[in-house]
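K.L.:
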Amino acid sequence: MSLEDGLFGIHGKALALRSQRLSLLASNIANASTPGYKARDIDFDAALKEATGAAGGSVSKAVDDAMGYRVPLQPSLDGNTVELSTEQTLFAENAVKYRTTLSFLEGRLNTITRALKGE
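So that you can map any letter, position 78 of the sequence shown is 78 in this note's numbering, and since no number is skipped, the others follow by simple counting.
1) What does DSSP give as the partner residue(s) for Asp41 in the beta ladder?
2) Are the C-beta atoms of Leu105 and some chain D residue less than 7 Å apart?
3) So Ser27 is in the alpha helix (DSSP H); what residue range does that whole segment cover?
4) Buried or exposed: where does Gly53 fall if 16 or more other Cβ atoms within 10 Å of its Cβ makes it buried?
5) Give the secondary structure of Gln88 by DSSP, where H, G and I count as helix, E and B as strand, and everything else as coil.
6) If you draw a straight line from the C-alpha of Arg99 to the C-alpha of Lys49, how long is it?
7) Contact between the stretch 29 to 37 and the stretch 94 to 114 is defined here as three or more beta-carbon pairs at a separation below 8 Å; is this criterion met?
8) Write down the C-beta distance between Arg70 and Ala39 rounded to the nearest angstrom, noting that I regard them as a contact closer than 8 Å.
9) Quick check on Val96: does DSSP put it in helix, strand or coil?
10) Exposed or buried, which one is Ile10 when buried takes at least 16 other CB atoms within 10 Å?
Laid out in structure tokens, this is it:
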């Protein structure tokens with residue numbers, strides 16, 4: 001267990017995973033009209049479980065292991081699997097969860113800072 005894990009618990013790795021997922025979803029949105037582009041996503045729960053497991057896995061390995069391709073509800077003729085409305089919804093949902101995790105960590109840091117100052 002690293003010092004970071006002790007201070008932030010699961011939330012530090014959750015924030016890193018949410019950041020990676022935001023980047024991936026943004027890439028899907030950016031490639032919505034690219035012929036042949038295959039939408040990808042991360043199984044967040046599986047990645048978090050791996051990253052915080054007993055072996056103390058890394059976030060990057062957890063992302064790689066939990067990444068997969070999205071199966072579209074309505075296949076496109078050009079082979080693109082991005083469904084813009086789905087990607088936008090998932091992006092917004094993940095962004096809210098990212099901000100929530102970040103707020104929790106900010107509160108944790110404020111508490112630690114006050115404790116170190118003796119307040």
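Beta carbons: idealized from backbone N, C-alpha and C, even for Gly.
These numbers come from a predicted model, not from an experiment.
P.N.:
In terms of the structure at hand:
1) Taking the sequence shown and counting its residues from 1, one reaches residue 41 at position 41. Paired residue(s): Gly68.
2) Of the protein chains in this structure there is only one, and it is not chain D.
3) Numbered from 1 along the sequence shown, position 27 holds the residue referred to as residue 27. Run containing Ser27: 10 to 30, per the alpha helix (DSSP H) assignment.
4) Position 53 of the sequence shown, counted from the first residue, corresponds to residue 53. Looking at its Cβ environment, which holds fewer than 16 other Cβ atoms inside 10 Å, Gly53 is exposed.
5) Your numbering for residue 88 matches position 88 in the sequence shown. Three-state result, Gln88: helix.
6) The sequence position of residue 99 within the sequence shown is 99, counting from 1. The sequence position of residue 49 within the sequence shown is 49, counting from 1. Note on geometry: alpha-carbon atoms of Arg99 and Lys49 lie some 20 Å from one another.
7) With the cut-off at 8 Å, the stretch 29 to 37 and the stretch 94 to 114 do not touch.
8) Locating residue 70 in the sequence shown gives position 70, counting from the first residue. Locating residue 39 in the sequence shown gives position 39, counting from the first residue. Contact flag correct, Cβ pair sits at about 4 Å.
9) Reading the sequence shown from its first residue, position 96 is the one you call residue 96. Of the three classes helix, strand and coil, the one that applies to Val96 here is helix, per DSSP.
10) Within the sequence shown, the letter at position 10 stands for residue 10. Exposed, because fewer than 16 other Cβ atoms sit within 10 Å of the Cβ of Ile10.
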